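Below is one structure, written out as structure tokens; comments come after it.
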Amino acid sequence: MKTAVLALPLLCGSQLAYAEQKELVFGVVPQQSAAKLAQQWGPLLSAWSEVTGVKFRFATARDIPTFEQRLAEGEYDIAYMNPYHFTLVNHPQGYSALAHAKDKRITGVMVAKKGWDKELSALDAQSLAFPAPRAFAASILTQSELRQKGLEITPNYVGSHDSVYMAVAKGIYPAGGGVMRTFNSIPDSLREQLTVIYKTQSYTPHAIAYKHSLDDETVALLHQSIGQLNHHEQAKGMFKALNIKGFELAVDSDWDDVVALGIQL
């Protein structure tokens with residue numbers, strides 16, 4: 383299955399000549415369906431195009447492992463990736479940090495059906511739902527902390543955060559892993575069937591990172607654009623849809639807390 387793409391409009395005028403020469407593929411980790419991600423990120427990338435004069439082309443993958451492979455192969459010029467993904471591709475031939483969500487930390491959650499009245503220990507020896515092996519907060523953090531509490535669980539990987547929530551709501555699994563941002567963004571009709579039964583410790587959130595092969599002019603333009611993007615009216619509306627306050631500039635060392643975990647998969 384090929385990467386899903388969405389062409390976005392450009393700003394007319396003085397920036398058009400540069401925009402015609404520069405198109406950047408913006409990859410988004412598929413925590414949710416491609417259609418939902420395009421709905422959330424398409425207008426935001428359109429606003430970013432207006433601010434920079436650069437054309438952004440939305441891209442994702444059918445599942446998280448496929449996204450990881452494409453990220454490792456450098457298919458995305460810029461990408462929104464989970465913290466663990468960033469630690470894997472943050473090397474000289476890979477990616478450097480550009481930004482992350484403003485005033486935010488990432489926290490893994492375990493959800494169960496509404497009305498859950500048991501202790502967390504009831505999950506011992508159970509098969510539970512998770513998005514993918516390298517989903518940082520939803521899979522890695524939740525499983526790690528459950529095991530630290532002495533619980534032995536069997537992970538079942540269902541492809542996305544939304545799939546976890548639907549599987550738990552349908553009673554296929556007694557509980558599953560996600561993150562608060564995606565949990566808060568699912569339809570009310572689904573969220574009302576679920577309850578959060580556990581939260582992990584929090585860490586530096588998802589990274590927006592650019593490929594090292596980008597030219598210096600484009601990298602400088604991207605850095606300069608973050609503040610402007612936060613004040614763009616259309617972008618502000620999409621930040622709300624993504625349950626974030628906006629973006630703030632980042633440096634690679636912001637993810638040292640994740641590196642310190644020494645995750646080995």
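The numbering of the sequence shown is the numbering used here, which starts it at 383 and goes up by one. Yeah, the Cβ is synthetic: ideal placement off N, Cα and C, and Gly gets one too. Every value quoted in this text rests on a predicted model; they were computed, and no experiment measured them.
message: Please state whether the Cβ-Cβ distance between residue 447 and residue 537 is less than 9 Å.
response: no
- prompt: Unbroken beta strand (DSSP E) runs of length 3 or more, entirely within the stretch 500–524: which are they?
  reply: 509–512
- request: Go through the stretch 542–597 residue by residue and report every complete run of the beta strand (DSSP E) that reaches 3 residues or more, in order.
  value: 557–561, 576–585 and 589–593
field: Where residue 396 falls, given that 16 or more other Cβ within 10 Å makes a residue buried
entry: Any reading at residue 396 needs caution, since the residue's pLDDT is 37, under 50, leaving its predicted position unreliable; the model's value is listed next. By the 10 Å Cβ count, residue 396 comes out exposed.
task: Please name the residue or residues paired with residue 489 in a DSSP beta bridge.
output: 584
Reference residue 567, options 636, 620 and 599, closest by Cα: 620
task: Please report how far the alpha carbon of residue 563 lies from the alpha carbon of residue 598, in whole angstroms.
output: 33 Å
- request: Could you tell me whether the stretch 477–490 touches the stretch 582–590, using the rule of 3 or more Cβ pairs below 8 Å?
  value: yes
message: For residue 420 and residue 631, what's the separation of their Cα atoms in angstroms?
response: 23 Å
task: Would you mind working out which of 540, 434 and 460 sits nearest residue 414, comparing C-alpha positions?
output: 540
message: For the alpha helix (DSSP H) containing residue 419, name the first residue and the last one.
response: 416–434
task: Tell me residue 469's beta-bridge partners as DSSP assigns them.
output: In DSSP, residue 469 forms no bridge with anything.
- prompt: Which full runs of the beta strand (DSSP E) of 3+ residues lie inside the stretch 610–639, going along the chain?
  reply: 629–631
message: Pop quiz: residue 500 and residue 576 are said to be a contact at Cβ under 8 Å. What is the actual Cβ separation, rounded to whole angstroms?
response: Their Cβ separation, rounded to whole angstroms, is 15 Å, which puts residue 500 and residue 576 out of contact at 8 Å.
query: With residue 634 and residue 472 assumed to form a contact (beta carbons below 8 Å), what rounded beta-carbon distance in angstroms separates them?
result: 6 Å
- prompt: Among 409, 582 and 529, which residue has its Cα nearest to the Cα of residue 460?
  reply: 409
message: Looking only at its chain, what residues have a beta carbon closer than 7 Å to the beta carbon of residue 640, apart from the 5 residues adjacent to it on each side?
response: 465, 466, 469, 585 and 586
field: Beta-bridge partners of residue 405, as assigned by DSSP
entry: 437
field: residue 535 in three-state terms, based on DSSP
entry: coil
- request: Can you tell me the Cβ-Cβ gap for residue 492 and residue 435, rounded? I've got them flagged as a contact below 8 Å.
  value: Wrong, their Cβ atoms sit about 44 Å apart, outside the cutoff.
- prompt: Does the Cβ of residue 553 have 16 or more other Cβ atoms within 10 Å, making it buried, or fewer, making it exposed?
  reply: exposed
Beta-carbon proximity list for residue 518, same chain, < 6 Å, skipping 5 on both sides: 464, 465 and 466
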